[in-house]
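Notes for the one structure printed next.
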Amino acid sequence: MKDKSQIYEAQIDELLSQLTLEEKIGMIHGNGLFRTKAVERLGIPRLVTSDGPMGVRMEFPDDSWYPINKSDDYVSYGPSNSALAATWNTELAYETGKVLGEEARGRGKDMILGPGINIKRDPLCGRNFEYMSEDPYLTQTMAVPYIKGVQENDVSACVKHYAVNNQETNRMAVDTLVDERTLREIYLPGFKAAVQEGGVYSLMDAYNKFRGKYCSESKELLDDILRDEWKYDGVVVSDWGAVHSTKETAETSLDLEMSVTYNFDEYFYANPLLEAVRNGEVSEESVDAKVRNILRLMFRLKMIGDKVDERKPGAYNTREHQDKILNTAREAIVLLRNEECTEGGKLLPLDQKKLVSRKTVNDLAADGAKVNRCHKIAVIGHNAEHLHAGGGGSAEIKALYEISPLMGLKMALGGNADISYAQGYYIPGKKSVNEVNWQEASLERQVMGQENPDSPEQIALRKEIAENRKKFLEEACALAKEADTVIFVGGLNHDYDVEGRDRADMKLPYGQDELIEELVKINPDTVVIMVAGSPVEMPWRDKVRGLIWCYYAGMETGTALTEILLGKVNPSGKLPETFPVVYEDTATYKNGQFGREDVVEYQEGIFVGYRHYEKEEIKPAYSFGYGLTYTDFTFDNLTLMSEMGGIVTVSVDVRNVGTMAGAEVVQCYVADCECSVERPVKELKAYSKVFLQPGECKTVTMTLNREAFAFYDVVSREFKVETGEFEIYVGTSSDKCEKMPVRVSL
Ligand code: BGC
41 MKDKSQIYEA QIDELLSQLT LEEKIGMIHG NGLFRTKAVE RLGIPRLVTS DGPMGVRMEF
101 PDDSWYPINK SDDYVSYGPS NSALAATWNT ELAYETGKVL GEEARGRGKD MILGPGINIK
161 RDPLCGRNFE YMSEDPYLTQ TMAVPYIKGV QENDVSACVK HYAVNNQETN RMAVDTLVDE
221 RTLREIYLPG FKAAVQEGGV YSLMDAYNKF RGKYCSESKE LLDDILRDEW KYDGVVVSDW
281 GAVHSTKETA ETSLDLEMSV TYNFDEYFYA NPLLEAVRNG EVSEESVDAK VRNILRLMFR
341 LKMIGDKVDE RKPGAYNTRE HQDKILNTAR EAIVLLRNEE CTEGGKLLPL DQKKLVSRKT
401 VNDLAADGAK VNRCHKIAVI GHNAEHLHAG GGGSAEIKAL YEISPLMGLK MALGGNADIS
461 YAQGYYIPGK KSVNEVNWQE ASLERQVMGQ ENPDSPEQIA LRKEIAENRK KFLEEACALA
521 KEADTVIFVG GLNHDYDVEG RDRADMKLPY GQDELIEELV KINPDTVVIM VAGSPVEMPW
581 RDKVRGLIWC YYAGMETGTA LTEILLGKVN PSGKLPETFP VVYEDTATYK NGQFGREDVV
641 EYQEGIFVGY RHYEKEEIKP AYSFGYGLTY TDFTFDNLTL MSEMGGIVTV SVDVRNVGTM
701 AGAEVVQCYV ADCECSVERP VKELKAYSKV FLQPGECKTV TMTLNREAFA FYDVVSREFK
761 VETGEFEIYV GTSSDKCEKM PVRVSL
């Protein structure tokens with residue numbers, strides 16, 4: 041680690057020698073839902089943590105999951121990690137981390153529980169919206185600047201959930217079996233980079249088991265890989281309630297036990313550990329090692345030591361944060377389809393002048409009399425006005441504000457626009473399922489509870505849904521018929537993109553498919569906007585002329601979407617994951633190894649995401665790295681320069697040949713033509729986002745180092761490159777590349 045940690049070690053020794061065993065124990069377990077115990081007599085403060093990736097979570101009392109409900113914990117609501125990854129812009133990852141770190145510090149936190157960087161192994165994982173990508177390279181290159189941005193504020197990032205935590209079904213106990221090569225090539229690179237390149241100060245382990253052992257008890261993950269191989273000297277925090285034993289866990293490198301219950305003295309690392317040390321079952325040195333890591337963190341954060349006065353104060357809800365969040369949202373939105381419309385030319389962007397124009401039409405109701413009326417815009421769909429910040433599980437936050445798509449549109453078009461709204465699809469009201477808060481109950485098996493489909497309540501509910509769905513659909517269609525422009529905003533919400541539960545299928549809920557088909561029949565120029573945290577099947581996608589994808593992009597989502605609709609901003613987002621046509625196309629559907637309760641075998645191995653679709657030659661609906669813009673780019677003069685030592689320099693001239701300024705993501709994939717083990721068709725190994733004015737041309741240069749050509753060799757237990765022929769693919773998405781051969785020699 042590059043950190044100047046050595047300078048603290050003598051002071052840490054000094055403090056350790058003064059701490060009693062009881063005091064040490066108080067520092068290594070939760071003594072409030074989000075904090076540890078202070079040792080006031082030695083000036084050691086409590087360590088205060090908070091969720092979560094999209095902003096700093098609201099305040100909770102120490103011993104209750106019911107928020108305090110004061111007005112001082114509203115915060116800036118930033119992009120979910122999937123939205124951030126869709127920008128393919130590492131500078132924005134840094135800025136997002138910086139905003140989050142500054143807000144966390146402003147709220148008096150020492151550790152922010154993010155980023156979540158688990159790999160999106162299956163589109164149905166309920167927490168995918170919190171994660172970045174199906175690809176380890178994209179994940180690691182976004183996570184590293186993010187972590188640096190957070191930690192610049194004297195706040196610790198806490199990268200999570202280590203490791204192989206890729207489903208919510210039975211998340212507290214499911215055993216994940218993954219072969220060594222897959223572990224090293226797919227599931228660990230993000231964590232390794234977070235430690236070695238990002239210098240992350242804290243890491244959260246995962247609930248699940250790994251190769252038969254709870255992650256909290258896995259010496260393999262925590263000691264052998266994390267501490268010994270990667271030389272991690274930061275803090276390992278348990279996920280909330282992920283510890284299951286005293287001695288076994290205390291003998292791993294897990295430093296801090298946190299949980300969701302209020303019996304703090306009974307935590308495994310509380311009285312039981314005190315006892316175990318007293319009776320010689322666990323050595324005091326193991327406790328010291330944990331306290332040492334926590335003290336080191338406190339020095340790094342300037343919580344103790346001679347730099348306490350220099351600790352940054354942070355700030356929250358600043359205009360600057362809101363601007364940065366807007367900037368990120370602008371780049372996070374992905375244009376999936378833009379076809380010729382009825383009047384000729386591409387459907388998007390919409391013409392703002394037309395949207396607020398008045399026109400003379402025959403008014404049939406008034407015997408053909410001519411009337412002068414506004415252009416009518418129908419905005420249809422619950423996500424047009426639904427606010428998402430307060431949902432999702434531990435990622436929930438109290439956003440200072442959230443601009444919905446409907447509000448964004450109204451704000452931009454003003455009082456001259458005639459905008460009507462219909463919810464379009466019916467969402468049944470939520471019955472209060474739990475008397476207790478979900479997080480409090482989260483250690484129990486089925487957090488969200490499964491209803492019995494044959495119960496009278498469920499039968500009545502289905503009837504209610506069918507009736508209302510019809511009513512809502514008719515209302516929406518009537519509105520669409522009267523309108524000149526129809527904009528549909530649907531997708532998912534945090535009833536689906538949620539912690540603790542995976543989705544049952546990849547279909548759009550609430551009858552949206554039928555509604556979209558109807559709207560497109562009424563107005564073939566209907567613009568469809570999907571706001572969601574994970575892919576859905578879109579069987580109607582080839583029938584719509586304009587399709588925009590928007591992950592949960594934060595408090596300015598509506599502003600950014602409107603700017604894109606109106607062409608004030610040129611879309612430049614790219615999918616950080618593949619959107620299969622149907623769920624049945626996924627590797628995990630085929631092998632049946634997702635969402636199982638007991639053991640999940642990662643039988644697809646390294647063939648996750650596009651690595652699977654390319655190998656099986658399955659054409660997805662939208663491929664990894666895909667996204668359109670309102671301008672056109674050309675790529676010329678692709679050149680490769682290969683040096684000894686396995687370094688290849690790739691360069692290409694990118695020109696904006698359209699009429700609008702915009703950005704393109706130059707993506708570089710590597711394929712190994714001949715190898716002693718099976719390799720993917722190609723793998724992302726470099727990318728660069730380039731911004732160009734109309735007519736402007738820039739040469740983009742990317743360097744591929746040795747790692748870009750390597751695979752994990754299970755025999756030598758290290759990454760290995762075999763000298764020989766490779767192919768370099770350069771393009772604008774994984775399915776639109778030009779390829780060139782190159783010889784790589786070591
Ligand atoms: C989640 C973590 C979160 C923690 C604290 C757990 O349920 O898995 O991601 O940080 O709760 O709220």
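The numbering used here applies: residue 41 is where the sequence shown begins, and numbers increase by one. Glycine included, C-beta positions come from ideal geometry on N, C-alpha and C.
Rounded to whole angstroms, the Cβ separation of Asn357 and Val115 is 6 Å, and the two are in contact under 8 Å. Closest option to Arg318, judged by alpha-carbon separation, among Asn333, Lys287, Thr292: Lys287. When secondary structure is reduced to three states using DSSP, Ser663 falls in the coil class, being assigned neither helix nor strand. Taking a cut-off of 8 Å for Cβ pairs, the stretch 626 to 634 and the stretch 693 to 706 do not touch, as fewer than three such pairs fall below it. Annotation for Pro781: the continuous beta strand (DSSP E) segment containing it runs 776 to 784. Between Pro155 and the set Val717, Leu164, Met94, the nearest pair of CA atoms involves Met94. Residues Leu153, Gly154, Ser434, Ala435 of the same chain have their beta carbon placed closer than 6 Å to that of Gly92, with the five preceding and five following residues left out of the count. The straight-line gap separating the alpha-carbon atoms of Lys393 and Arg413 is approximately 14 Å.
Here DSSP, grouped into helix, strand and coil, assigns His422 to helix.
Tyr106 counts as exposed, since fewer than 16 other C-beta atoms from the protein chains shown sit within 10 angstroms of its C-beta.
Under the three-state reduction of DSSP, Lys232 is assigned to helix.
According to the DSSP assignment, Phe766 belongs to the beta strand (DSSP E) that extends over 764 to 773.
Checking the 7 Å criterion, the Cβ of Leu153 is within range of a heavy atom belonging to ligand 1. Contact between Leu555 and Tyr465 holds: their C-beta atoms lie close to 6 Å from each other, under 8 Å.
Under the three-state reduction of DSSP, Tyr653 is assigned to helix. Membership of Ala197 in the beta strand (DSSP E) is indicated by the continuous run 196 to 202. At a cut-off of 3 residues, the continuous stretches assigned as beta strand (DSSP E) that sit fully inside the stretch 363 to 445 are 374 to 378, 398 to 403, 409 to 414, 416 to 420. Here the stretch 653 to 664 does not lie against the stretch 227 to 244, with fewer than 3 beta-carbon pairs under 8 Å apart.
Taking 4 residues as the minimum length, the alpha helix (DSSP H) runs contained wholly in the stretch 480 to 523 are 496 to 522, in order along the chain. DSSP, reduced to helix, strand and coil, places Tyr272 outside both helices and strands of the structure shown, so it counts as coil. The alpha-carbon of Gly230 is positioned some 32 Å away from that of Phe304. In the DSSP assignment, Val327 falls within the unbroken alpha helix (DSSP H) covering 324 to 340. The stretch 295 to 303 and the stretch 276 to 286 touch, with no fewer than 3 CB-CB distances between them shorter than 8 Å. Spanning the alpha carbons of Met578 and Phe528 requires a straight line of approximately 14 Å.
Following the DSSP letters along the chain, one finds Ile527 in no alpha helix (DSSP H) but inside the beta strand (DSSP E) bounded by residues 525 to 531. When Cβ pairs closer than 8 Å are counted between the two stretches, the stretch 197 to 214 is seen to touch the stretch 247 to 262, the count reaching three or more.
Judged by DSSP secondary structure, Glu758 falls within the beta strand (DSSP E) whose first and last residues are 758 to 760.
Three or more Cβ pairs drawn from the stretch 96 to 103 and the stretch 134 to 148 lie within less than 8 Å of each other, which places the two stretches in contact. Tyr247 has no beta-bridge partner at all, per DSSP. In terms of side-chain proximity, the C-beta atom of Gly530 is found no nearer than 7 Å to any non-hydrogen atom of ligand 1. With distances taken between CA atoms, Pro611 lies nearest to Ala600 out of Ala600, Glu617, Leu513. Buried is the label assigned to Asp215, since at least 16 other Cβ atoms lie within 10 Å of its Cβ. Contact between Asn206 and Asp162 is confirmed by a C-beta separation of about 7 Å, below the 8 Å threshold.
Rounded to whole angstroms, the Cβ separation of Thr292 and Ser256 is 7 Å, and the two are in contact under 8 Å. Taking 8 Å as the cut-off, the beta carbon of Val688 is found closer than this to the beta carbon of Leu744.
Distances between the C-beta of Gln207 and the heavy atoms of ligand 1 are all 7 Å or more.
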